[in-house]
Amino acid sequence: VKMVRICRACGECGAVVGGEDDDDDDGDDAPPPPRCGCDPVDGAGESAPSEGPLWVGRIFDEDAVIDMERMANLDEATAAAGDGDGGGLISKKTRTLLATLRDEASVDGMFHRRPGHSDDGRNPKLVDVIEELQGRGRAAAKTHFDSKALRTDASAEEFRRAVKAVLDRSRN
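The opening position of the sequence shown corresponds to residue 1 in full-length UniProt numbering, with each subsequent residue numbered one higher.
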């Protein structure tokens, strides 16, 4: 599996299609647009721009991240240190980041942004979309660099169906 790709991402629903970077700069690397059904305006649907080349492989050493998280949660690291948050030598924010990195490190796949809203203006909760994908047998985790995105091995269509299922459940 090649780990560098040119991608097209729908600016409305977050669907992503990945092509291959053939390293020759002739412009033929771009994949077709995502088939998500969004109106082709402002970077959505058929007008989704090409992005990349992007690295789509693992971005962390999972064992190293697990070790860092374990060390950050030792009693010595969490003892009161007067840093203002009561979190000790290692701040709560850092421990939260390490937990996110641990989860993300185990997922090979693309990034998807949570859709901005559904047809009736509702936003699916990211944690609900992640749980739905995991329940469907896909790897999924929050990503550390975008609070509205996740990393998953699900295809764009599987991602869209998972979001739709979450929204359909919340209507009932």
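Every residue gets a Cβ at the ideal spot worked out from N, C-alpha and C, and that includes glycine.
The C-alpha of Ala77 lies about 18 Å from the C-alpha of Arg102.
Straight across, the Cα-Cα distance linking Cys10 with Gly135 is about 24 Å. The three-state secondary structure of Arg171, taken from DSSP, is helix. A straight-line Cα-Cα distance of about 16 Å links Arg8 and Ala149. Between Gly18 and the set Phe60, Ser50 and Ala140, the nearest pair of CA atoms involves Ser50. Under DSSP, Asp146 forms a beta bridge with Thr143. Of the other Cβ atoms in all chains shown, fewer than 16 fall within 10 Å of the Cβ of Arg70; this residue is therefore exposed.
The DSSP-derived three-state label of Leu101 is helix.
When the beta-carbon positions are compared, Arg138 and Asp128 stay at least 8 Å from each other. It is roughly 26 Å from the alpha-carbon of Ala165 to the alpha-carbon of Ala105. In the DSSP assignment, Leu54 falls within the beta strand (DSSP E) that extends over Ser50 to Trp55. Assigned with DSSP and collapsed to three states, Phe111 falls in strand.
The Cβ neighbour count for Thr143, taken over all protein chains shown within 10 Å, is at least 16; the residue is labelled buried.
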